[in-house]
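In terms of my numbering, the sequence shown opens at residue 14 and continues consecutively.
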Amino acid sequence: MKKKILVEGMSCGHCVAHVREALEELKGAEVLDVSLDTNSATVDLTNSNASDEDIKAIIDEYGYKVVGIETV
């Protein structure tokens, strides 16, 4: 299952790398894209048990805010 995560607070390439790093901590998750242009990230959770709450928590730990999660 793929999820698009809308992230508030990214303002530069370093932020994009930070969000990617956060998402890579989710066991089994494959980070497909993190975009500064759309302030979003797309992950494939096919091999992961991560919940939306897990995604929000890890991104929050890195100092960013999840404003929405959509299944794509």
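Each residue gets a CB set at the ideal place from its N, CA and C atoms; glycine is no exception.
> In chain order, what residues of the same chain lie with their CB nearer than 8 Å to the CB of valine 32, ignoring the 5 residues before and after it?
Replying inline: Val20, Met23, Val47, Ala54, Ile72, Tyr75, Tyr77
>> Our contact map puts valine 79 next to isoleucine 18 with C-beta atoms below 8 Å; I'd like the distance itself, whole angstroms only.
In response: 6 Å
>> Can you tell me whether alanine 54 is helix, strand or coil according to DSSP?
In response: strand
> In this structure, what does DSSP give as the bridge partners for leucine 19?
Replying inline: Ser53, Gly81
> Can you tell which of Cys25, Gly26, Leu36 has the C-alpha that lies nearest to the C-alpha of glutamate 66?
Replying inline: Leu36
> If you run the structure through DSSP and keep just helix, strand and coil, what is glutamate 43?
Replying inline: strand
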